[in-house]
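Structure first, then comments.
There are 2 protein chains.
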Amino acid sequence: MRHEDLATRLAELAVRFGANVQPGQVVSVSSEPGKETLARAVAEAAYRAGARFVDVTTFDVHVKRARLLHADEDTLDYVPPWYGERVLALSREGAAHIALTGPVEPQLLNDLDPARVGRDNLPSIAEWARVVGERTVNWTAVPCPTAQWALLVFPDLDPAAALDRLWEEVARCCRLDEPDPPAAWAARMGRLRRVAGVLNERRFDALHYEGPGTDLTVGLLPTSEWLFAEFSRVDGLRHMPNIPSEEIFTSPDPARADGVIRSTKPLVRAGTLIRDLEVELRGGRVVRVEASSGGEALRATLETDEGAARLGEVALVDSDSRVGALGTVFYDTLLDENAVSHIALGNGFPFAVGANEHERVNRSAIHIDFMVGGDELTVSGVTAAGERVPILVGGRWRI
Amino acid sequence: MRHEDLATRLAELAVRFGANVQPGQVVSVSSEPGKETLARAVAEAAYRAGARFVDVTTFDVHVKRARLLHADEDTLDYVPPWYGERVLALSREGAAHIALTGPVEPQLLNDLDPARVGRDNLPSIAEWARVVGERTVNWTAVPCPTAQWALLVFPDLDPAAALDRLWEEVARCCRLDEPDPPAAWAARMGRLRRVAGVLNERRFDALHYEGPGTDLTVGLLPTSEWLFAEFSRVDGLRHMPNIPSEEIFTSPDPARADGVIRSTKPLVRAGTLIRDLEVELRGGRVVRVEASSGGEALRATLETDEGAARLGEVALVDSDSRVGALGTVFYDTLLDENAVSHIALGNGFPFAVGANEHERVNRSAIHIDFMVGGDELTVSGVTAAGERVPILVGGRWRI
Chain P
4 MRHEDLATRL AELAVRFGAN VQPGQVVSVS SEPGKETLAR AVAEAAYRAG
54 ARFVDVTTFD VHVKRARLLH ADEDTLDYVP PWYGERVLAL SREGAAHIAL
104 TGPVEPQLLN DLDPARVGRD NLPSIAEWAR VVGERTVNWT AVPCPTAQWA
154 LLVFPDLDPA AALDRLWEEV ARCCRLDEPD PPAAWAARMG RLRRVAGVLN
204 ERRFDALHYE GPGTDLTVGL LPTSEWLFAE FSRVDGLRHM PNIPSEEIFT
254 SPDPARADGV IRSTKPLVRA GTLIRDLEVE LRGGRVVRVE ASSGGEALRA
304 TLETDEGAAR LGEVALVDSD SRVGALGTVF YDTLLDENAV SHIALGNGFP
354 FAVGANEHER VNRSAIHIDF MVGGDELTVS GVTAAGERVP ILVGGRWRI
Chain L
4 MRHEDLATRL AELAVRFGAN VQPGQVVSVS SEPGKETLAR AVAEAAYRAG
54 ARFVDVTTFD VHVKRARLLH ADEDTLDYVP PWYGERVLAL SREGAAHIAL
104 TGPVEPQLLN DLDPARVGRD NLPSIAEWAR VVGERTVNWT AVPCPTAQWA
154 LLVFPDLDPA AALDRLWEEV ARCCRLDEPD PPAAWAARMG RLRRVAGVLN
204 ERRFDALHYE GPGTDLTVGL LPTSEWLFAE FSRVDGLRHM PNIPSEEIFT
254 SPDPARADGV IRSTKPLVRA GTLIRDLEVE LRGGRVVRVE ASSGGEALRA
304 TLETDEGAAR LGEVALVDSD SRVGALGTVF YDTLLDENAV SHIALGNGFP
354 FAVGANEHER VNRSAIHIDF MVGGDELTVS GVTAAGERVP ILVGGRWRI
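The listed protein sequences correspond, in order, to chains P and L. Using the numbering used here, read the first sequence as starting at 4 and increasing by one per residue. Using the numbering used here, read the second sequence as starting at 4 and increasing by one per residue.
Written out as structure tokens, the structure is:
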């Protein structure tokens, strides 16, 4: 299928099923230069679905590079107040939001001073975390293939072939090759609902991760609830926040995490590539970060605020994941986090715990997922009595 | 010079001289897909000049097309409130603003229903007019060459040659080929300041235009003040609102214009090409419009409102204009209006007359510049006593 046709198909899925855009809604789209084809297809699909207005914002990492090179150090954490006010207005408006992920210029900031890079979190805007927590916006994120991203993922192919291959694999991961992609996603969500249901009945006190270079115990809160990508707004409107999504996840106890965890895939954060990451936590807090590249930038990021060095999310992914089955490293969290099990430093999800424990969930301006799973990982549940129950072994559910 | 180098030079001129960006300022940049090279160069120049933050907004006319094709007719004049709030916040902030002009997709809306197109004024935002009037933002507009615009201007060249040629001519018009472009503009402004000063001392009662097919007298208001592109913010910060700018201009008495005027260049308005335009005015009002093409559309436009058929601006351009010397029709007002003397039907400039006469300046939803100048035009000032004083003869100042 031509890229334009795949973009149209992905846009339809994002609008009709992912964000579940309703007639009369304002639809926010976050894009980047180079993502015009999909952004326009999303706008077209949204207007066809009855959108009142489609508001596309475009973040250019080249402009961020110029800032990091030349702006006064003291100004690097400045965010224009209208960025956050727009997000809060979208929330009041009951708008929809569609994010186009995928690194356009994956290595553009690699040569810069990591301490400076760590001070500028844009395009991440703190108000989005609040609005996501309040569930006032029906949103989704979908990957958008671009030329440079394709060359990062498939460096041995020529540019055209790399972009073809990336589109093909993204289409596979998003189940665009199914006759009825929304139905395929509904079926997959049904299977994850069952697993989440069993875990929610068991109410484990902690998770134990074991694998090469990994031996970590993460405490759960008494009301930590296992969720999957079937969300609803406060008013009940269903939406699927990530396409693809293959995970079940919850927010852990930010005060209890001890051990070492080794990332099994590289990760890209705002233009910085982090490879061979190893993180040690004590009493829930990161005490050591090592990486063969990008470690310094990550260490700087973890000083953003009090919650940046604590866990906000734990997520489990089985081997039915289409992302995992491909074996491709995409350098895009949306895809890579759905390949294998992962954990995230930084902001957690108040909605993933009981109302009485909202305040215990980790809060931060950052949220960084990193992958810890794969066929060599074993995740067990630990009961309050100390009993260990295998949950995920060799990519298969054991419960 | 390579396009990237010309973009760097134009960006420096826009930042350091045009907007006159000050250390610590927030700098707003309005751009479109396809203008990334110049937008990034502007961001780089602004951060080098000490900007606190560069906020690039990108308007995509393809998204507007999707809206015009599919959205409910009732919603077409909706503008998200955060668009205007951002502009007012920039004003409170004392920000700088740099607009990148030039049509990216000059004919993308041509096949759509003009009644629907007319209801959506974006990317124009009403709050900008207020902020420009309040003089709280130091701003400029510069032309940004793009591929499709180049093919519109130079249809006989191949795409690469057309873009080369457009960059070359834009560079020439913006005086980028001078060793010190800001100094060249300062010198040019100095000459226009002298002419405007003389005209402001003389306080002519009217202007008389004479040339082939042209014999028109336009009344001036007692406080009509001749202006040129040397503006200042309320706090006195100098900026140059248009680059290039070759004109001196004011707003005339909308009740006094009699005679016939023949346009010396084709004019494009909303996808309609108007050729060989001849307009007759009586008592300040257009009573006859003839053209070899596009006359019907213009006559319809002049029925928009009461002020549409009266004059809002008179502007004089001498033959030192670099735009005029090239003889190219750019289909971009920023360039074309600076080629030769012109007058505009529709909205006038209250700031170009004394406060006591603000209410006398013409008001309209339209503002259509058309070119009346050239080497065969003579413009004279007419005193209250009826004496005629040559101002501009054969493209040369006579005062």
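Every residue, glycine too, gets a C-beta built ideally from N, C-alpha and C. Remember, predicted model here, so these are calculated numbers, not experimental data.
- Of all residues in the segment 5-28 of chain P, none comes within less than 7 Å of chain L when Cβ atoms are compared.
- Chain P places no beta carbon closer than 8 Å to that of L/Pro148, leaving this residue out of the contacts.
- When only Cα atoms are considered, L/Ala187 and L/Val45 end up about 20 Å apart.
- Bounds of any alpha helix (DSSP H) do not take in P/Arg363, whose DSSP letter is neither H nor E.
- If you look at L/Arg206, you'll find it isn't in any alpha helix (DSSP H); DSSP assigns it neither H nor E.
- Looking from the CA of L/Leu395, the closest CA among L/Glu362, L/Ala69 and L/Ser322 belongs to L/Ser322.
- When P/Leu337, P/Pro215 and P/Val30 are compared, the shortest CA-CA separation from P/Leu280 is found for P/Pro215.
- Check the Cα spacing between P/Val221 and each of P/Gly193, P/Asp256, P/Ala189 and P/Asp238: the tightest is with P/Asp256.
- At least one C-beta of chain L is nearer than 8 Å to the C-beta of P/Glu47.
- Taking each of P/Arg205, P/Val57 and P/Lys38 in turn and checking the Cα distance to P/Ala99, the smallest one comes out for P/Val57.
- Annotation for L/Ser94: the continuous alpha helix (DSSP H) segment containing it runs Pro84 to Glu96.
- Taking a C-beta cut-off of 7 Å against chain L, none of the residues of the segment 307-331 of chain P qualify.
- Going by beta carbons, P/Phe231 and P/Ala199 fall inside the 8 Å limit.
- Contact residues of the segment 106-134 of chain P toward chain L are absent (C-beta to C-beta distance below 9 Å).
- Restricting attention to P/Asp123, P/Met192 and P/Tyr334, the CA atom closest to the CA of P/Ala368 is found in P/Asp123.
- Setting aside the 5 residues that flank it on each side, P/Leu202 is surrounded in the same chain by Trp229, each with a C-beta closer than 6 Å to its C-beta; the list follows chain order.
- With a threshold of 8 Å between beta carbons, P/Ala74 makes contact with chain L.
- The C-beta of L/Ala99 comes no closer than 8 Å to any C-beta of chain P.
- Taking a beta-carbon distance threshold of 8 Å, L/Trp85 counts as an interface residue toward chain P.
- CA-CA distance, L/Ser31 to L/Arg19, rounds to 14 Å.
- For L/His370, the beta-bridge partners assigned by DSSP are L/Gly349.
- In this structure, P/Trp170 sits near P/Leu9, with a CB-CB distance shorter than 8 Å.
- DSSP places P/Pro162 inside the alpha helix (DSSP H), whose first and last residues are Pro162 to Cys176.
- Within 7 Å of the CB of P/Val59, the CB atoms of chain L belong to Asp63 and Val66, in sequence order along the chain.
- Residues of the same chain with a CB within less than 6 Å of the CB of L/Leu380, apart from the 5 flanking positions on each side, are Gly214 in chain order.
- DSSP places L/Phe157 outside both helix and strand once states are collapsed to three, so it counts as coil.
- Contact with chain L is absent for P/Ala189, since none of that chain's Cβ atoms lies less than 8 Å from the residue's Cβ.
- Excluding the 5 residues flanking it on each side, L/Phe354 has same chain C-beta neighbours closer than 7 Å at Gly136, in chain order.
- Taking the CA atoms as reference points, P/Ala342 sits about 21 Å from P/Phe352.
- Residue environment: P/Pro158 is assigned as exposed (fewer than 16 neighbouring CB atoms within 10 Å of its CB, all protein chains considered).
- Between P/Ala300 and the set P/Thr275, P/Ala318, P/Tyr334 and P/Val282, the nearest pair of CA atoms involves P/Thr275.
- In this structure, the alpha-carbon of P/Val326 lies about 5 Å from that of P/Cys176.
- Assignment of L/Val332 by DSSP, reduced to helix, strand and coil, places it in the coil class.
- Between P/Tyr334 and P/Leu155, the beta carbon gap of about 6 Å places them in contact (Cβ cut-off 8 Å).
- Annotated as proximal: L/Thr226 and L/Val356, with beta-carbon spacing under 8 Å.
- Judged by DSSP secondary structure, P/Asp261 falls within the beta strand (DSSP E) whose first and last residues are Pro255 to Arg265.
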